[in-house]
Amino acid sequence: MFGVMLTTTYAAARETLRRLGRSSLDPQSYLDEVSALVRRTVPHDVSGWMTLDPDTLLSSGTLVAQKSPELDRALWRSELEPDGDVHKLAELSVHPSPVVALHELDDATVAESPRIQGVLRPAGIGDGLRTVLRVGGSTWGHGAIYREAGARDFDRAEQEFLAAIAEDIGEGLRRSLCQRPEPGLSMVVPSVLAFDLQGRQVSATAEASRLMTLMPGDATSTLYAVAVGAGLRESASARVRLADGRWLLVHGGRMHGGPDEPARVTVTLLQAPRPDLTSLLLRLHTLSARQREVAGLLISGLRTAEIAAHLHIAQTTLHDHVKAIFVKFGVQGRAELMAILSD
């Protein structure tokens, strides 16, 4: 009887999730709902759900967390440290399963893991599940749920449920990220923040402070990840979606001063350049590699006959590609497509 009830609960949760994915929720509201649904279905004590830039795997601006800011930052630093730890996002993004569990690691790996021994255990965390939210080969987000030390491990049914809904969550998240900016918005004025190598903000221009108020969730977490990444790697960047739908390019670079001057990281906030935004939007709308190539030639202004000749394909084949592109973007023609890609 209990097994039947559990199966019914999971089925109902998945149907609710699919309805959410078809809604018009913005990314922040969508992840709020996802977090609450998963918490009801798979009880846990600590969690975090976020959007990611699929190219850099840094936060793209949306964060829903049931954890302290201190733990969030410690986890980001651990994620970015070049220490060879297990279950990092680069590994998870190509892992055969979208979900991995801490309790499945062997004792030696657990004992040698900087994240587990240096961050999770001191925070009183026992078992955890990490999931990547992938659609069409691109990772659009990440979620992690944890139980306190001493609580039971996540069981097989809970892990399989989270794995079963990971792509559904990813699809809903992808749809929410596709929403167009509000009409009539002005261009973003470039702005700058400065951080020390520990990721602590030391100064910011007035425009940077204003843009931070437009970032959904915890803006300091998004900027912290870029700043720490730049401090460790010399540079780091992420495309970040503002609450009004505009996209920023957030770029951090390590600054080297004189012998007696502490190193700093400068983080620049810019309106996402057209090539960066176009590349992102084409992937968000799940265009294939060939369709992305065709779309790029369409928005360059080439005529269809020229595109077909350039790609060495028949015009009928090109027509099929163009039709598929328009359907995926929900547009009727090239002008509408170019309008979306120029927002």
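Position 183 of the sequence shown, counted from 1, bears residue number 183 in UniProt numbering, the numbering being contiguous throughout.
From the three backbone atoms N, C-alpha and C, an ideal C-beta is built for every residue, glycine too.
On a predicted model such as this, the values are computed, not experimentally measured, just so you know.
Asked	Found
Measuring CB to CB, does V100 end up less than 8 Å from H87?	yes
Restricting to runs no shorter than 4 residues, where is the alpha helix (DSSP H) found entirely within the segment 298-337?	304-311, 315-329
M50 to A314, Cα distance in whole Å?	42 Å
Can you tell me which of the three DSSP states A238 falls into?	strand
Decide if the segment 48-66 is in contact with the segment 210-224; the criterion is three or more beta carbon pairs, one per stretch, under 8 Å apart.	yes
Do L72 and S221 have their CB atoms nearer than 8 Å?	According to the sequence shown, residue 72 is Asp rather than Leu. In this structure, S221 lies closer than 8 Å to D72 by Cβ.
Only counting the same chain, and skipping five residues up and downstream in sequence, which positions put a Cβ closer than 6 Å to that of A225?	L58, S59, W76
Leaving out five residues on either side along the sequence, give the residues of the same chain with a beta carbon under 8 Å from the beta carbon of V192.	A204, T205, A208, T266, V267, T268, L269
Taking I145 and V38 to be in contact with their CB atoms under 8 Å, please state how far apart those CB atoms are, rounded to whole angstroms.	7 Å
Would you grab the beta carbon distance between V135 and T286 for me? Rounded to a whole angstrom, and I think it's under 8 Å.	7 Å
Taking the alpha-carbon of I169 as reference, which of F195, G199, S35, V202 has the nearest alpha-carbon?	S35
Could you round the C-beta distance between L80 and V228 to whole angstroms and report it? I think they count as a contact, below 8 Å.	5 Å
Is it the case that the segment 244-254 contacts the segment 272-291, given that we only count it when at least three CB pairs across the two stretches are under 8 Å?	yes
For D107, count neighbouring C-beta atoms within 10 Å of its own C-beta (all shown protein chains included) and say buried if the count is 16 or more, exposed if not.	exposed
From this set, L223, G253, A230, S93, which residue's C-alpha is nearest V240's C-alpha?	L223
How about V294 and L318: do their beta carbons lie closer than 8 Å?	yes
Does DSSP classify Q291 as helix, strand or coil?	helix
Measuring straight from C-alpha to C-alpha, what distance separates A308 and A289?	16 Å
Can you list, in chain order, the residues of its chain with a C-beta nearer than 6 Å to that of T131? Leave out the 5 residues immediately preceding and following it.	P98, V99, G143, L162, A166
Mapping DSSP to helix, strand and coil, what is Q28?	helix
Are S235 and G258 close, meaning C-beta to C-beta below 8 Å?	no
Provide the residue span of the alpha helix (DSSP H) that contains G170, from first to last.	156-177
Quick one: what's got a C-beta closer than 7 Å to D83's C-beta in the same chain, skipping five residues either side?	P114
Of the choices E171, E148, D155, E158, whose alpha-carbon is the least far from that of S138?	E171
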